[in-house]
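Chains C and A, in that order, are what the protein sequence lines are.
The numbering of the first sequence is the numbering used here, which starts it at -10 and goes up by one.
The numbering of the second sequence is the numbering used here, which starts it at 618 and goes up by one.
In this text, a Cβ means the ideal position worked out from N, Cα and C, and glycines have one as well.
Working notes for the structure below.
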Amino acid sequence: MFADKRATENQERPMSNISRRAMLGATGGLIAGGLLKTQADALVVTEEAASLQTAQVDPTKMHGAPTSVLGQRAPAERPRRGMGSPATTSSSRTPIEQLRGIITPADLHFERHHAGVPAIDPDRYELLIHGIVDRPMTFTLDDLKRFPAESRICFVECSGNGGAAYNRNAARERAPGQIDGLFSTSEWTGVALTTLLREVGINPEASWLLAEGGDAALMSRSIPVEKAFDDAMIAYGQNGEAIRPEQGFPARLLLPGWEGNAQVKWIRRLEASDRPSMTRDETSKYTDPLADGTARQFSLVMDAKSTITFPAFPFVLPERGWWEIRGLAWSGRGRITRVEVSTNGGRTWVPAQLQDPVLSKCATRFRHIWNWDGGEALLMSRAIDETGYVQPDLETQIAARGEGSSYHYNTIRPWKVEADGRVFFAQGKAQ
Amino acid sequence: MSRRSLLAALSGFLAATTLALHGCAPDSPNRETSTVLSGAAEWPGSFAIGQDATPAEIAALNIDFGPDGADAPPGSGSVAEGEVVYDSKCAVCHGPTGQEGPMDRLVGREPREGFPFGETRGLRKTVGNYWPYATTIFDYVNRTMPVTSPGSLTANEVYAVAAYILFLNEIIPENAVMNGQTLPAVVMPARDRFVPDDREGGPEVR
Chain C
-10 MFADKRATEN QERPMSNISR RAMLGATGGL IAGGLLKTQA DALVVTEEAA
40 SLQTAQVDPT KMHGAPTSVL GQRAPAERPR RGMGSPATTS SSRTPIEQLR
90 GIITPADLHF ERHHAGVPAI DPDRYELLIH GIVDRPMTFT LDDLKRFPAE
140 SRICFVECSG NGGAAYNRNA ARERAPGQID GLFSTSEWTG VALTTLLREV
190 GINPEASWLL AEGGDAALMS RSIPVEKAFD DAMIAYGQNG EAIRPEQGFP
240 ARLLLPGWEG NAQVKWIRRL EASDRPSMTR DETSKYTDPL ADGTARQFSL
290 VMDAKSTITF PAFPFVLPER GWWEIRGLAW SGRGRITRVE VSTNGGRTWV
340 PAQLQDPVLS KCATRFRHIW NWDGGEALLM SRAIDETGYV QPDLETQIAA
390 RGEGSSYHYN TIRPWKVEAD GRVFFAQGKA Q
Chain A
618 MSRRSLLAAL SGFLAATTLA LHGCAPDSPN RETSTVLSGA AEWPGSFAIG
668 QDATPAEIAA LNIDFGPDGA DAPPGSGSVA EGEVVYDSKC AVCHGPTGQE
718 GPMDRLVGRE PREGFPFGET RGLRKTVGNY WPYATTIFDY VNRTMPVTSP
768 GSLTANEVYA VAAYILFLNE IIPENAVMNG QTLPAVVMPA RDRFVPDDRE
818 GGPEVR
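What follows is the structure in structure tokens.
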């Protein structure tokens, strides 16, 4: 059903006389000659050449490739993070519509940096914990790894994720990752923050921890100490390997279910205090103005949210018949207990299937099999979490917060299926 | 009895026997045979991992400057001194008067009445109309500005540029000097607009 159109096209193109090496050489020439703008363009060309060549041979008639020290994706698979144009040092998005399960491959984890990705020497790395503690201490990376470890699978989401959807006239031609791609899920491994706070003897009057990164932003956020005693972690592992530089190598703060900005990457310092520091990113940014003339501050938990990732723009349904509506749901307050799907713009809802594992503060897969009759349809999903919270529609959230509010954009995402099979983002237009 | 069900019965018997031999009730698992770490109760008072931090190590990193002014670095700066710093190091990104961008707009008190940022889309947030604490200017600029040379400004320069931004926002007079005492004492127009998060899950949308 999901015929790989690319492979079919590839087989129709005559490429048999071009070897991969020749193509690689040619690519360099094209860059030099100005026909390809960037190394990234060259990468695509090179991968395409490899994939075309793969399509020409009968794999049952030729001994396969040897083992390798580092695996690579199948040449036909070319997932890419969504980038601003031109490339920036600030953010890139996970192409959630191209992913299958709940785990985000580490090289596709979204990025949000405030002064680029720092190059940190792991041998010189130290985490300082001080403030109102009995014994201020520093911990090397080896020290952190020596403490009792823990792992958990959870999402990290930028609290500005989905801003494009908080709009009564949102752009139609947007893919799920372009809307909600500041969201990724990993298995994180590290040391529980309580273990370290116990080691330094944090004092009972400490109510906040100032977390500070070792990047050029010296990124800093004040964290309520209750979170540290709940489930916070100093993480150094991501999906079985060291955390990637873009996610905080060699170590980051992990606050399951809370906004990504507070989960300070490249963490170098924690200061126990009895008051928040009122840093720039907890005052002028990452605060949520409300219609009543106030602004919500330290709005740290990510509320329940879901989005359909298939079918969605830019996919075109090629024919009527059975299609599986697929998506992701998550809540920063615990487990997803139910996801409901509507194919008629919210007039009726049916429960979707949830795919095990359904973990707390973690991406949860939902699926709903749908027989498309070839007519117009308006697809929606809404997540319900273990607190009984129901993902609201846009007008409900605007009524609660105001049209100019910012951050924590978790409204229902509607997708309009046209009779010709094209699918468009339909926030605001059909409600 | 099939072979499979026999095995199941046998393993059940062995489990029951093991429990009986160790005298363990199900709600108090035997720690010696458990393969799952049963938690911090078994841990020593200290793992003796890590190093004591010296005062010099702490001082080198302890740069935060909060609203209470505690640990404010020595130094001071005037509006006039700040204008010199701003023009040479800030204006290229934030505009000649702090209102032009292209990066964050720093200056502007409009709208002066109310705090309509939640009600109305697209209003421009500035230091003057949105930032609740003046100390945040020092803290942030000191950390990461200017973007081409983060952390390169002296404390005097940071106090001065904070003074200039506050002056442009019509919050302090032109003859004001900012230092570790005067900067925390500045009352920002939006100071009382910020409220704690009242979302708590459950059926109510907030």
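Assuming Ala289/C and Asp688/A are in contact, meaning their beta carbons sit under 8 Å apart, how far apart are those beta carbons, in whole angstroms? Reading the first sequence from its first residue, position 300 is the one you call residue 289/C. Reading the second sequence from its first residue, position 71 is the one you call residue 688/A. In the sequence as displayed, the identity of residue 289/C is Leu instead of Ala. Wrong, their Cβ atoms sit about 25 Å apart, outside the cutoff.
When the Cα atoms are used, what is the spatial distance from Glu146/C to Asn360/C? Against the first sequence, residue 146/C aligns to sequence position 157. Against the first sequence, residue 360/C aligns to sequence position 371. Rounded to the nearest angstrom, the two C-alpha atoms are 33 Å apart.
Buried or exposed: where does Trp177/C fall if 16 or more other Cβ atoms within 10 Å of its Cβ makes it buried? Here residue 177/C is taken as the residue at index 188 of the first sequence, counted from 1. So Trp177/C ends up on the buried side.
Beta strand (DSSP E) containing Asn796/A: first to last residue? For the purposes of this step, residue 796/A is taken as the residue at position 179 of the second sequence. Element bounds for Asn796/A: Val794 to Asn796.
Identify every residue that forms a DSSP beta bridge with Ser140/C. Counting from 1 along the first sequence, the entry for residue 140/C is found at position 151. According to DSSP, which records beta bridges pairwise, Ser140/C is partnered with Thr178/C.
For Ile789/A, which residues from the same chain have a beta carbon less than 8 Å from its beta carbon, with the 5 sequence-adjacent residues on both sides left out? As a working mapping, residue 789/A is identified with position 172 in the second sequence. Around Ile789/A: Val696, Ala780, Leu783, Met795 and Val803.
In this structure, does DSSP put Gln416/C in helix, strand or coil? Position 427 of the first sequence, counted from the first residue, corresponds to residue 416/C. Coil.
Establish whether the CB of Ala632/A and some CB of chain C are separated by less than 7 Å. On the second sequence, position 15 is the one that residue 632/A refers to. Its pLDDT being 38, under 50, Ala632/A is placed unreliably in this model, and the value from its coordinates should be taken loosely. It does not; no Cβ of chain C falls within 7 Å.
Determine whether the Cβ of Val696/A lies closer than 7 Å to any Cβ atom of chain C. Taking the second sequence and counting its residues from 1, the one referred to as residue 696/A is at position 79. No, no contact with chain C.
For the stretch 269 to 285 of chain C, enumerate the residues whose C-beta is nearer than 8 Å to any C-beta of chain A, in chain order. Cβ contacts with chain A come from Arg269, Thr272, Ser273, Thr276, Asp277, Pro278, Leu279, Ala280, Asp281, Gly282, Thr283, Ala284 and Arg285.
Whole angstroms are fine: how far does the CA of Gln416/C sit from the CA of Ala154/C? As a position in the first sequence, residue 154/C is number 165, starting the count at 1. As a position in the first sequence, residue 416/C is number 427, starting the count at 1. Roughly 6 Å between the two C-alpha positions.
Which value, in whole angstroms, describes the spacing of the CA atoms of Ile314/C and Glu86/C? Locating residue 314/C in the first sequence gives position 325, where the first residue counts as 1. Locating residue 86/C in the first sequence gives position 97, where the first residue counts as 1. Taking the straight line from one Cα to the other gives about 12 Å.
Which stretch, first to last residue, makes up the beta strand (DSSP E) that contains Tyr757/A? Numbered from 1 along the second sequence, position 140 holds the residue referred to as residue 757/A. Where Tyr757/A is concerned, there is no enclosing beta strand (DSSP E), although the alpha helix (DSSP H) it sits in stretches over Thr752 to Thr761.
Let me see if you follow: with CB-CB separation under 7 Å, is Met267/C close to chain A or not? Taking the first sequence and counting its residues from 1, one reaches residue 267/C at position 278. Yes, Met267/C lies at the interface with chain A (some Cβ there is under 7 Å from its Cβ).
Taking DSSP as the reference, what is the three-state secondary structure of Ala286/C? Your numbering for residue 286/C matches position 297 in the first sequence. Before going on, a small fix: residue 286/C reads as Gln here, not Ala. Strand.
Give the interface partners of Asp814/A over in chain C, defined as CB-CB distance under 9 Å, in chain order. Residue 814/A sits at position 197 when you count from the first residue of the second sequence. Per Cβ cutoff of 9 Å: Asp277, Arg285, Gln286, Phe287, Ser288, Leu289 and Val290.
Quick one: does Gly640/A have its CB under 7 Å from some CB of chain C? Here residue 640/A corresponds to residue number 23 of the second sequence, with the count starting at 1. Low per-residue confidence applies at Gly640/A: pLDDT is 33, beneath 50, and the placement is therefore not dependable, though the value from the model is reported in the following sentence. Output row for Gly640/A: interface = no.
Please list, in chain order, all residues of the same chain as Gly170/C whose beta carbon is under 7 Å from its beta carbon, the five residues on each side excluded. Counting from one through the first sequence, the residue named residue 170/C turns up at place 181. Cβ neighbours of Gly170/C beyond the five flanking positions: Gly71, Arg82, Thr83, Pro84, Ile85 and Phe99.
Can you give me the Cβ contacts of Val764/A inside the same chain, cut-off strictly under 7 Å, excluding the 5 residues immediately before and after it? Residue numbering aside, residue 764/A sits at position 147 when the second sequence is read from its first letter. Cys710, listed in sequence order.
Is there a Cβ from chain A that is less than 7 Å from the Cβ of Arg241/C? Position 252 of the first sequence, counted from the first residue, corresponds to residue 241/C. Chain A contact via Cβ: absent.
Using a beta-carbon distance below 7 Å, is Arg402/C in contact with chain A? Position 413 of the first sequence, counted from the start, is the residue given in the question as residue 402/C. Answer no: the Cβ-Cβ gap between Arg402/C and chain A never drops below 7 Å.
Whose C-alpha, out of Met805/A, Gly818/A, Phe811/A and Val775/A, is nearest the C-alpha of Gly797/A? Position 180 of the second sequence, counting from 1, holds the residue named residue 797/A. Nearest option by C-alpha distance: Val775/A.
First and last residue of the uninterrupted beta strand (DSSP E) at His357/C: Along the first sequence, read from residue 1 onward, the residue named residue 357/C stands at position 368. His357/C -> beta strand (DSSP E) spans Thr353 to Trp361.
Compare the Cα-Cα distances from Arg411/C to each of Gln252/C, Ala366/C, Ile387/C and Arg371/C and report the closest residue. Locating residue 411/C in the first sequence gives position 422, counting from the first residue. For the residues Gln252/C, Ala366/C, Ile387/C and Arg371/C, the minimum Cα distance to Arg411/C belongs to Ala366/C.
Note down, in chain order, all residues in the stretch 715 to 737 of chain A with a beta-carbon under 9 Å from any beta-carbon belonging to chain C. The residues in question are Asp721, Gly731, Phe732, Pro733, Phe734, Gly735, Glu736 and Thr737.
Any heavy atom of the ligand MN closer than 6 Å to the beta-carbon of Lys742/A? Within the structure as shown, the ligand MN is missing, as the structure has no ligands at all.
To the nearest angstrom, report how far apart Thr49/C and Ile325/C are at their CA atoms. As a position in the first sequence, residue 49/C is number 60, starting the count at 1. As a position in the first sequence, residue 325/C is number 336, starting the count at 1. If you draw a straight line from the Cα of Thr49/C to the Cα of Ile325/C, it is about 45 Å long.
For a contact defined as C-beta to C-beta under 8 Å, what are the partners of Ala104/C on chain A? Here residue 104/C refers to the residue found at position 115 of the first sequence. Thr761, Val764 and Pro767, listed in chain order.
Would Val775/A count as contacting chain C if we go by Cβ distances under 7 Å? Position 158 of the second sequence holds residue 775/A. At a cut-off of 7 Å between beta carbons, Val775/A makes no contact with chain C.
Are the CB atoms of Arg210/C and Ala224/C nearer to each other than 7 Å? Within the first sequence, numbered from 1, the residue matching residue 210/C stands at position 221. Within the first sequence, numbered from 1, the residue matching residue 224/C stands at position 235. Taking the C-beta atoms as reference points, Ala224/C is found no nearer than 7 Å to Arg210/C.
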